[in-house]
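Trainee: The opening position of the sequence shown corresponds to residue 1 in full-length UniProt numbering, with each subsequent residue numbered one higher. No residue lacks a Cβ here, since even glycine has one placed at the ideal position from N, Cα and C. Just so it is clear, the structure is predicted and the values come from calculations on it, not from any experiment.
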Amino acid sequence: MHLYLFSAEESLAMNDNVINQPVKFDGSNFMQFSEGSRGMKLKKARENYITITFRTIHEYGLLLWMNKGPNIKGDYIAIAIDKGYVTLSFNLGKETVPLILKSLFRVNDNNWHTIIVKRNKRLAHLIVDNTPSITTTSEPGATELNTDGILWI
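#1: If you run the structure through DSSP and keep just helix, strand and coil, what is V128?
#2: For the beta strand (DSSP E) that contains V86, what are its first and last residues?
#3: Report buried or exposed for L64, applying the criterion of at least 16 other Cβ atoms within 10 angstroms of its Cβ.
#4: Check for me: the beta strand (DSSP E) holding A142 runs from which residue to which?
#5: For L88, tell me which candidate among K118, P132, P140 has the shortest Cα-Cα distance.
#6: Leaving out five residues on either side along the sequence, give the residues of the same chain with a beta carbon under 8 Å from the beta carbon of T137.
#7: In whole angstroms, what separates the C-alpha of L145 from that of E47?
#8: Check whether chain B comes within 8 Å of L145, counting only Cβ atoms and requiring the distance to be less than that.
#9: Report the partner residues of G61 according to the DSSP bridge assignment.
#10: Going straight from the alpha carbon of G141 to that of K94, what length do you get?
#11: Count the other C-beta atoms from every protein chain shown that fall within 10 angstroms of the C-beta of F54, then say buried if there are 16 or more, exposed otherwise.
#12: Taking the alpha-carbon of E139 as reference, which of D148, I100, H113 has the nearest alpha-carbon?
#13: Considering only the alpha carbon of each residue, which of T96, I127, G84, N130 lies closest to T56?
#14: Between which residues of its own chain and Y60 is the CB-CB distance below 7 Å, once the five residues before and five after are set aside?
#15: Give the single residue among H58, I116, T135 whose Cα lies nearest to the Cα of N108.
#16: Mind checking F90: buried by the 16 CB within 10 Å criterion, or exposed?
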């Protein structure tokens, strides 16, 4: 998986830098970015723009996780592979049931795929391989993703 860019509102210090080396995950390792590393502001984000390029043969896997609190009842954002499909789930703290967007096709074919996630306040978009955007809007009342400032990949 290549992590090309993660940025949040006010985190212009990243300057669209790219991590040049590919990263390989075998299910027993991870990467972690903390608030402030590489200029990222992660704790209170009104916007997120995430791009991940990856390939896999596995039906299940967690690609990205950020949260606040011990469960999904608090604020979180997750990008995962579920039954071969890309899923985006997030909660700005007001959802009573998990909010989930799912790609229209499987991505566990060992080909390279690119995921783009755009979130502006309550509105979220999931784009996989330049296909039309799948969108959803979260419950009224919250517009920020308030996390502990640690991005897990």
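Mentor: Quick answer:
#1: Correct three-state label for V128: strand.
#2: From DSSP, the beta strand (DSSP E) with V86 extends over 85 to 91.
#3: It is buried - the Cβ of L64 has at least 16 other Cβ atoms within 10 Å.
#4: Careful: A142 lies outside any beta strand (DSSP E) and carries neither H nor E.
#5: Comparing alpha-carbon positions, the option among K118, P132, P140 lying closest to L88 turns out to be K118.
#6: Same-chain partners within the cutoff: R122, L123, A124.
#7: Approximately 8 Å, taken between the alpha carbons.
#8: The chain inventory of the structure shown lacks chain B, comprising one protein chain alone.
#9: In the DSSP output, where bridge partners are listed per residue, G61 has I81.
#10: Straight-line Cα distance between these residues: approximately 7 Å.
#11: F54 comes out buried.
#12: Residue I100 is the option with its Cα nearest to E139.
#13: Closest by alpha carbon: G84.
#14: Only I81, D82 meet the Cβ criterion.
#15: The shortest Cα separation from N108 among H58, I116, T135 belongs to H58.
#16: So F90 ends up on the buried side.
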